[in-house]
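Only one structure is covered here, and it is reproduced in the block below.
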Amino acid sequence: MEFKVEVISKGCFTDEGCRVETFTVRMLEEAMNEFIMSSELNCRETYETDEEWQSYKERITNKRDEWERAVSKLVLGFEDKITVTQVVSEIFTIVHFVEVPAYLVINEKDVDGKYHVSSDGWKKLKEQNHSYEFEEFVDAMMTSDHGFSFNMVYITKQKCGHYEMFQTPLNEYYTLENNLKLAEEHARLP
């Protein structure tokens, strides 16, 4: 299944131990056609037996799952479970949840007002060396209070080979080449 989508906007935040990524996308013609063809258009009365009806529903469910995997691959860069909702016409909202391991959830503040991760958390983070959305974990650092509104900076190696940084709790994405120097100036290792 090959088609294209246009990402209009994206956002990300962390809440209750989950990283929530949202995308507003426009489905181009082929993608829209595949969406329509994976929709349940018939009703039970169309079929003489329950077996025929169940077979039809299974076929349509498989088509929708295949469509969602293709959309996931286009929008996220890899296949993962997503929730897709049609907003209006060819405009859709996509939501992707990623559970954040408990040792990465920042919930304590030191007297200096900065967030900290326990030494066990750092050890587990470095041992893990990967996460759900990237190929290789490179490093993580704490941000200072010099203009960043984020608590943590994670540097990752993406599956396509380039490096990116994401920051929590909002997890805005930045390219490493453009922002590493700024991050180093405003960040410190624990």
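Going from the sequence shown to the working numbering is simple: count from 1 and add 673. In this text, a Cβ means the ideal position worked out from N, Cα and C, and glycines have one as well.
Among the options, the one whose alpha carbon lies nearest that of residue i
| i | options | result |
| --- | --- | --- |
| Val-771 | Glu-694, Val-678, Phe-751 | Glu-694 |
| Met-710 | Trp-740, Ser-745, Thr-766, Arg-692 | Trp-740 |
| Glu-713 | Ser-728, Thr-722, Phe-686 | Ser-728 |
| Thr-703 | Ala-743, Val-757, Phe-696 | Sequence check: residue 703 is Glu here, not Thr. For Glu-703, the nearest C-alpha among the options comes from Ala-743. |
| Thr-758 | Phe-696, Tyr-720, Lys-730 | Phe-696 |
Length of the line joining the Cα atoms of residue i and residue j
| i | j | result |
| --- | --- | --- |
| Glu-675 | Val-748 | 13 Å |
| Ser-745 | Ile-764 | 15 Å |
| Cys-691 | Asn-735 | 27 Å |
| Gly-684 | Ile-755 | 15 Å |
| Val-761 | Ile-733 | 22 Å |
| Glu-752 | Arg-737 | 14 Å |
| Gly-750 | Glu-718 | 40 Å |
| Val-680 | Glu-725 | 38 Å |
| His-769 | Leu-701 | 21 Å |
| Lys-730 | Tyr-720 | 11 Å |
| Asn-715 | Asp-723 | 13 Å |
| Met-705 | Phe-686 | 28 Å |
Burial state of residue i (16 or more Cβ within 10 Å)
| i | result |
| --- | --- |
| Ile-767 | buried |
| Val-698 | buried |
| Val-678 | buried |
| Glu-707 | buried |
Short CB-CB distance (under 8 Å) between residue i and chain C
| i | result |
| --- | --- |
| Asn-706 | Absent from the structure is chain C; it holds one protein chain and no more. |
As an exercise, report each continuous beta strand (DSSP E) stretch of at least 3 residues that is fully enclosed by the stretch 691-752, in chain order. Within the stretch 691-752, the complete beta strand (DSSP E) runs of at least 3 residues are 691-700.
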